[in-house]
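Enquirer:
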Amino acid sequence: MASAFSPGLSPVHRFFNTQTGVHFYTISETERANVVANFPQFNHEGVAYYASQVAGAGLTPFFRFYVPSKGFHFYTAKESEKDSIIANLAATYTYEGIGYYVLDSDWRGEKLPHTGVTSDQCYKAGSDVLVACSMPETGDLNEQQDGHRAGINAMSYSAVGGRALTSCVQDNITGLIWEGKEANGPRVGSGTYTHLNNGLATDTSGYVAAVNATNLCGFNDWRLPTRQELLNLNAPAVNTTWFPNTAASYYWAAELASTDSTRAWFVNFQSAFSYHDARTNTFSVRLVRGSSASGPRYSYSTVAYGSDGANNVVNDAWTGLQWRRCEQGQVWSGSACSGTVSTFTHELAIAHAQGQGGWRMPNIKELSSAMDLNVSSGANVDSTAFPGVVGNGTWASSPLVGNASHASGVSFFSGVVAYDARSLGHAVRLVRSAPN
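Counting from 1, one number per residue, gives the positions in the sequence shown under UniProt numbering.
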């Protein structure tokens, strides 16, 4: 069970039964509302922990029984105990099925899917050609390039309850469930919509309402994805084996531009590119369901690094990553970043990160996850966590597959996720995986 939010998980609510003196747990918002409205003997105590409504990698079913003679529920995550109760105590314990799915011991700390860059797509010094990451020359440049980490949280998907992939698909890393697309019909992959929130059938708002009205895959809580969720699905191209009928197009994200409410963010499913555009434009839509990131995100700790002072590291509970608070070239004083930000070509950035004592360059999904699109002035980051950001362009470790003379990066001031010639100079912000 997760005590804090993790992508794809939902809150499990806890009630105290004042008549029986026992607790009741539910992940269903409908059941929660019904108990609150109709059973005054149950005191709602809030969210107990987080779990998943659907099966997936790293998840274990949590079985639920009801004891009518006592008026309480019994729960177990042990398959053998569930089978024994059904076989020997069925007269007393009524089996109600799987209540939800809880995290098993194999749940990973890092919560972002890998980029899809393969183990054959690494750089060596002096070349813009991508080669096998097993070549010694790639490790000499940097042994933690994006391609070297292809097996960590590799993108993985599964069908939902045996349903067709044109109905819905589960992301096994995030736990989110994505809408499938049809070749024809109301959810045709080539459909495009405005983003005006006017309720019309030609708008994203109308489309969301229409899909929820059909109870697609048994759910009526489909929504527009956040930009980061869309970027997590992109590799930079979507896996069309799992997501057939996908249009190579711009896809609307949920967020509006914080500096201009007439514009909204989109992600290009043809390349690693994201920006905002006029909401009157018609772009593609792919809906998602599952909890989006919420709850406390950042905490701070101290890791020995150069001349940095205390609390020089940002711990991100939403992603399981740790970030250095300052960009390279700056020093953390204990309250601010001082000094001049260094700029590097992409090759020099990779080489620089090699010698930083366990720190590495983030891939493009990791780097984009540090942005806060709600910021309306200055850098698009949490200014407490990352004060004094001055580097406009920041490199990611990810190459632009198909044009390897370019690499991916972000602008923390415009919010754009894009790519640039590797010969240009940009800033570097280091990351590492949080210790378990």
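Note that beta-carbon positions come from the ideal geometry of N, C-alpha and C, so glycine has one too. Note that the coordinates shown come from a computational prediction; the quantities given were computed from them, not determined experimentally.
(1) Pull the bridge partners of residue 511 from the DSSP assignment, please.
(2) Name the two residues that bound the continuous alpha helix (DSSP H) containing residue 207.
(3) Would you mind reading off the limits of the beta strand (DSSP E) that contains residue 398?
(4) In three-state terms, what does DSSP make of residue 137?
(5) In this structure, does DSSP put residue 249 in helix, strand or coil?
(6) By Cβ distance below 7 Å, which residues in the same chain neighbour residue 404 in space, the five residues on each side in sequence not counted?
(7) Could you tell me whether the Cβ atoms of residue 297 and residue 429 are closer together than 8 Å?
(8) What separation, rounded to the nearest whole angstrom, lies between the Cα atoms of residue 11 and residue 186?
(9) What's the C-alpha gap between residue 53 and residue 216?
(10) Just list the residues that DSSP pairs residue 317 with in beta bridges.
(11) Could you have a look at residue 51 and say whether DSSP puts it in helix, strand or coil?
(12) In chain order, what residues of the same chain have a beta carbon less than 7 Å from the beta carbon of residue 74, not counting five sequence neighbours either side?
(13) Should residue 218 be labelled buried (16 or more other beta-carbon atoms within 10 Å of its own) or exposed?
(14) Take the Cβ of residue 208 as the centre, count every other Cβ of all protein chains shown within 10 Å, and call the residue buried at 16 or more, exposed below.
(15) Considering only DSSP beta bridges, list what residue 131 is partnered with.
(16) Whose C-beta lies closer than 6 Å to the C-beta of residue 391 among residues of the same chain, with five residues either side of it excluded?
(17) Near residue 138, what residues of its chain come up, given a Cβ to Cβ distance below 6 Å and the 5 sequence neighbours on each side ignored?
(18) Any chance you could list the beta strand (DSSP E) runs of at least 3 consecutive residues sitting entirely within the segment 297-374, in chain order?
(19) Short check: CB of residue 332 to CB of residue 431, under 8 Å?
(20) Look at the alpha carbon of residue 177 and the alpha carbon of residue 338, and state the distance between them as a whole number of angstroms.
(21) The alpha helix (DSSP H) spanning residue 32 covers which residue range?
(22) What first and last residue would you give for the alpha helix (DSSP H) that runs through residue 233?
(23) Leaving out the 5 sequence neighbours to the left and right, which residues in its chain are closer than 7 Å to residue 44 when beta-carbon positions are compared?
(24) Grab me the residues of residue 416's own chain with a C-beta within less than 6 Å of its C-beta, minus the 5 sequence neighbours each way, in chain order.
(25) Where does residue 374 land, buried or exposed, given buried means 16+ other C-beta within 10 angstroms?
(26) Could you give the first and the last residue of the continuous beta strand (DSSP E) run that contains residue 433?
(27) Does the distance from the C-beta atom of residue 263 to that of residue 194 stay below 8 Å?
(28) DSSP on residue 79, reduced to helix/strand/coil?
(29) Using the Cα positions of residue 33 and residue 418, report the straight-line distance between them to the nearest angstrom.
(30) What residue does the beta strand (DSSP E) around residue 17 start on, and which one ends it?
(31) Could you say which of 343, 434 and 212 lies nearest to residue 423 if we only look at CA atoms?
(32) In whole angstroms, what separates the C-alpha of residue 147 from that of residue 119?
(33) Is it true that the CB of residue 389 sits closer than 8 Å to the CB of residue 401?
(34) Helix, strand or coil, according to DSSP, for residue 84 in the structure here?
(35) Start and end of the beta strand (DSSP E) containing residue 412?
Expert: The short version:
(1) Residue 511 lies beyond the residue range present for the chain, which begins at 1 and ends at 436; the question has no answer from this structure.
(2) Translated into the one-based positions of the sequence shown, residue 207 becomes position 207. 204-213 is the extent of the alpha helix (DSSP H) around residue 207.
(3) The residue labelled residue 398 in the question sits at position 398 within the sequence shown. Note, residue 398: beta strand (DSSP E), 393-399.
(4) Locating residue 137 in the sequence shown gives position 137, counting from the first residue. The answer is helix: DSSP assigns residue 137 an H, G or I state.
(5) Stepping through the sequence shown from its first residue, residue 249 is reached at position 249. Looking at residue 249 - three-state DSSP - the assignment turns out to be coil, as it is neither helix nor strand.
(6) For the purposes of this step, residue 404 is identified with residue 404 of the sequence shown, where counting begins at 1. Excluding sequence neighbours, residue 404 sits near 128, 129 and 130.
(7) On the sequence shown, residue 297 is found 297 positions in, with the first residue counted as 1. On the sequence shown, residue 429 is found 429 positions in, with the first residue counted as 1. Cβ atoms of residue 297 and residue 429: not closer than 8 Å.
(8) Position 11 of the sequence shown, counted from the first residue, corresponds to residue 11. Position 186 of the sequence shown, counted from the first residue, corresponds to residue 186. Looking at the two C-alpha atoms, the distance is approximately 32 Å.
(9) As a first step, residue 53 is located in the sequence shown; it is residue number 53 there, counting from the start. As a first step, residue 216 is located in the sequence shown; it is residue number 216 there, counting from the start. Going by the C-alpha atoms only, they are around 15 Å apart.
(10) Position 317 of the sequence shown, counted from the start, is the residue given in the question as residue 317. Paired residues: none, contrary to the question.
(11) To locate residue 51, count along the sequence shown from 1; it is residue 51. Residue state, collapsed to three classes: strand.
(12) Against the sequence shown, residue 74 aligns to sequence position 74. Once the five neighbours on either side are set aside, the close Cβ partners of residue 74 are 65, 67 and 93.
(13) By one-based count along the sequence shown, residue 218 stands at place 218. Classification for residue 218: exposed.
(14) As a first step, residue 208 must be located in the sequence shown, where it is residue number 208. Answer is buried; the Cβ neighbour count reaches 16.
(15) Within the sequence shown, residue 131 is the residue found at index 131, counting from 1. DSSP lists 122 as partners of residue 131.
(16) If you number the sequence shown from 1, residue 391 lands on position 391. These residues qualify, in order along the chain: 327, 341 and 427.
(17) The count along the sequence shown starts at 1 and reaches residue 138 at position 138. Closer than 6 Å at the Cβ level, and outside the excluded window around residue 138, lie 122 and 124.
(18) 298-301, 313-316 and 321-324
(19) Taking the sequence shown and counting its residues from 1, one reaches residue 332 at position 332. Taking the sequence shown and counting its residues from 1, one reaches residue 431 at position 431. Cβ distance not < 8 Å, so residue 332 and residue 431 don't count as in contact.
(20) As a working mapping, residue 177 is identified with position 177 in the sequence shown. As a working mapping, residue 338 is identified with position 338 in the sequence shown. If you take the alpha carbons of residue 177 and residue 338, they lie about 43 Å apart.
(21) Counted from its first residue, the sequence shown places residue 32 at position 32. Counting along the chain, the alpha helix (DSSP H) containing residue 32 begins and ends at 29-38.
(22) Sequence index remark: in the sequence shown, residue 233 carries index 233 (1-based). Residue 233 -> alpha helix (DSSP H) spans 227-233.
(23) Within the sequence shown, the letter at position 44 stands for residue 44. Once the five neighbours on either side are set aside, the close Cβ partners of residue 44 are 13, 15 and 36.
(24) On the sequence shown, residue 416 is found 416 positions in, with the first residue counted as 1. Hits under 6 Å: 275.
(25) To locate residue 374, count along the sequence shown from 1; it is residue 374. Under this definition residue 374 is an exposed residue.
(26) For the purposes of this step, residue 433 is taken as the residue at position 433 of the sequence shown. First-last of the beta strand (DSSP E) with residue 433: 431-433.
(27) For the purposes of this step, residue 263 is taken as the residue at position 263 of the sequence shown. For the purposes of this step, residue 194 is taken as the residue at position 194 of the sequence shown. The answer is no: Cβ separation not under 8 Å.
(28) Here residue 79 refers to the residue found at position 79 when the sequence shown is read from its first residue. Three-state DSSP puts residue 79 in a helix.
(29) As a working mapping, residue 33 is identified with position 33 in the sequence shown. As a working mapping, residue 418 is identified with position 418 in the sequence shown. C-alpha separation (whole angstroms): 44 Å.
(30) Taking the sequence shown and counting its residues from 1, one reaches residue 17 at position 17. From DSSP, the beta strand (DSSP E) with residue 17 extends over 10-17.
(31) Position 423 of the sequence shown holds residue 423. If we check each option's Cα against that of residue 423, 343 comes out closest.
(32) Along the sequence shown, read from residue 1 onward, the residue named residue 147 stands at position 147. Along the sequence shown, read from residue 1 onward, the residue named residue 119 stands at position 119. For residue 147 and residue 119, the distance between alpha carbons rounds to 5 Å.
(33) By 1-based counting over the sequence shown, the position of residue 401 is 401. By 1-based counting over the sequence shown, the position of residue 389 is 389. No, Cβ-Cβ distance for residue 401 and residue 389 is not below 8 Å.
(34) For this step, residue 84 is matched to residue 84 along the sequence shown. Helix, per DSSP.
(35) Position 412 of the sequence shown holds residue 412. Neither: residue 412 is in no beta strand (DSSP E) and is coded neither H nor E.
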